[in-house]
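In UniProt numbering, the protein residues as written are 1 to 121.
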């Protein structure tokens with residue numbers, strides 16, 4: 001599985017033509033404790049860069065942007081009930097949504113782990 005990152009601190013992990021998305025550990029550290037997450041509706045389509053979710057934390061509210069274009073096929077209801085999962089497991093149990101990817105070529109504009117590490121250094 002390949003994980004890619006955006007400059008806005010979203011991550012995307014591919015499983016075939018399905019992209020699992022969430023926010024990075026760095027993003028959760030900047031936000032502080034997450035108190036709620038507003039997720040997209042299943043069946044809704046987004047273009048790369050569209051606002052796909054909103055995270056409310058003790059410090060601020062932050063938009064989460066779609067790292068790739070696609071249709072939402074599943075959301076992680078668990079983080080609506082237990083938003084601390086976003087802080088505890090941002091790259092695992094704290095994922096936000098799964099998208100059926102419209103254009104795999106959009107992956108080329110995303111950073112790999114090494115490039116993202118430099119971006120946040």
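Each residue gets a CB set at the ideal place from its N, CA and C atoms; glycine is no exception.
Beta carbon of residue i nearer than 8 angstroms to that of residue j
i           : j           : result
residue 85  : residue 60  : no
residue 46  : residue 70  : yes
residue 120 : residue 68  : no
residue 57  : residue 23  : no
residue 52  : residue 65  : yes
residue 25  : residue 107 : no
residue 14  : residue 28  : no
residue 54  : residue 38  : yes
Residue interval of the alpha helix (DSSP H) (run including residue i)
i          : result
residue 85 : 84-88
residue 80 : 77-81
Residue i - partner residues in DSSP beta bridges
i          : result
residue 18 : 15, 100
residue 27 : For residue 27, which the question treats as bridged, DSSP gives no partner whatsoever.
residue 49 : BP columns for residue 49 are empty, so no partner.
residue 38 : 54
Span of the beta strand (DSSP E), counted from its first residue to its last, around residue i
i           : result
residue 62  : 61-65
residue 117 : Element bounds for residue 117: not the beta strand (DSSP E) but the alpha helix (DSSP H), 113-120.
Presumed contact (8 angstroms Cβ cut-off) between residue i and residue j, rounded CB distance
i           : j          : result
residue 103 : residue 94 : No, residue 103 and residue 94 are not in contact; Cβ-Cβ is about 26 angstroms, not under 8 angstroms.
residue 128 : residue 4  : As displayed, the chain neither begins before 1 nor continues past 121, which places residue 128 out of reach and without an answer.
Between the stretch 11-20 and the stretch 68-85, can you find at least three pairs of beta-carbon atoms closer than 8 angstroms?
Yes, since at least three Cβ pairs between the stretch 68-85 and the stretch 11-20 fall closer than 8 angstroms, the two stretches touch.
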